[in-house]
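Residue numbers (UniProt numbering): 1 to 305.
Cβ coordinates follow ideal geometry from the N, Cα and C atoms, glycine included.
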């Protein structure tokens, strides 16, 4: 079961109107791949946003001591950053990105991993715009208009929801990964097979031996998650059949991607389909490609070791 819930644009607008006991705060977490030349923070400040939104920067709210992008911060760092942005533990947080369920799931998951109780993922911002709901278009000078707070969470679900490199490497080295886990990679198929380069210069393409491709685009409908669990499951089953992937519901599942962002998209889709015990490999392919010996980098669709 996902740590956060989906909410439609209409339901979000209705919630914001009727909720009086707690604040309902939109969070813009737009992030783009580094090879796009686009800047989500600049778009938030200069172009448009949902009224009273706060910008959550996944390039800042992370483990800055790690060489790998977007690794989860520790609980203290999370609390400090949430305080700087002015959040309260009682807030209802509605997360979105301008692309439409690209980086927003990563943000929503981060909030929930560190114990924020009321987290929703807007399904999705382009739909919100198409349906004519209001936007702010005047330039912003700050990421948040909220008064700085004293945000304090005592919950950290990292050990439950995250797979580490060390754990994964032991499984691959012993030849046990495929036997014990379903492992799905959200990157585009040519990157998975090693036929296309990674967007980060110098990083090898390929995949972890024993993993299977599940491109994040395969689990979305024009950027939208299925809101019905049965349809979500059917969508996954159709993909597995067409792509000749195997899935064993008796095994736990690991989701990954390039840097731990789109991996949360497929994690969310799997959980919405009723699949339990899905964890994220936070370091994902970037960490694996930089740390593992080249013999543990597989190409094509066949298991290499």
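Give me, in chain order, the residues of the same chain whose beta-carbon lies closer than 7 Å to that of residue 150; leave out the 5 immediate sequence neighbours on both sides.
83
For the UniProt domain "Rhodanese" (177-297), which segments carrying the alpha helix (DSSP H) assignment without a break, of at least 4 residues, lie completely within its bounds, in sequence order?
177-180, 189-193, 229-243, 263-272, 284-291
Continuous beta strand (DSSP E) stretch holding residue 122: start and end
119-122
Supposed close pair residue 248, residue 182 - CB separation, criterion 8 Å:
6 Å
Continuous alpha helix (DSSP H) stretch holding residue 161: start and end
158-161
Going by DSSP, what residues sit across from residue 73 in a beta bridge?
Partner(s): none; residue 73 has no beta bridge.
Here's the rule: buried if 16 or more other CB atoms are within 10 angstroms of the residue's CB, otherwise exposed. What is residue 1?
exposed
Assuming residue 143 is part of the beta strand (DSSP E), what are its boundary residues?
Careful: residue 143 lies outside any beta strand (DSSP E) and carries neither H nor E.
Provide the residue span of the beta strand (DSSP E) that contains residue 93, from first to last.
92-96
CB contact flag (residue 219, residue 255, <7 Å)
no
Taking its Cβ as the centre, do 16 or more other Cβ atoms sit within 10 Å of residue 246, making it buried, or is it exposed?
exposed
Burial state of residue 260, where buried means 16 or more other Cβ atoms lie within 10 Å
buried
DSSP has residue 309 in a bridge; who is on the other side?
Outside the shown range of the chain, which is 1 to 305, sits residue 309, and nothing can be said about it.
Separation of residue 137 from residue 273, as counted between CA atoms:
37 Å
Sequence-distant residues of its chain with Cβ nearer than 6 Å to residue 203 (five each side left out)
289
According to the neighbour-count rule (16 or more other Cβ atoms, all chains shown, within 10 Å of its Cβ), is residue 10 buried or exposed?
exposed
Measure the C-alpha to C-alpha separation of residue 164 and residue 69 and round it to an integer number of angstroms.
14 Å
Is residue 171 buried or exposed, if buried means 16 or more other CB atoms sit within 10 Å of its CB?
buried
Residue(s) in a DSSP beta bridge with residue 85:
DSSP, once it has assigned bridges, lists no residue as partnering residue 85.
Report all residues from its chain with a CB closer than 6 Å to the CB of residue 194; omit the five preceding and five following residues, and keep chain order.
205, 206, 299
Decide if residue 231 is buried, meaning its Cβ has at least 16 other Cβ atoms within 10 Å, or exposed.
exposed
Neighbourhood of residue 17 by C-beta distance below 7 Å, restricted to the same chain and skipping five residues each side:
none
By DSSP, does residue 10 sit in helix, in strand, or in coil?
helix
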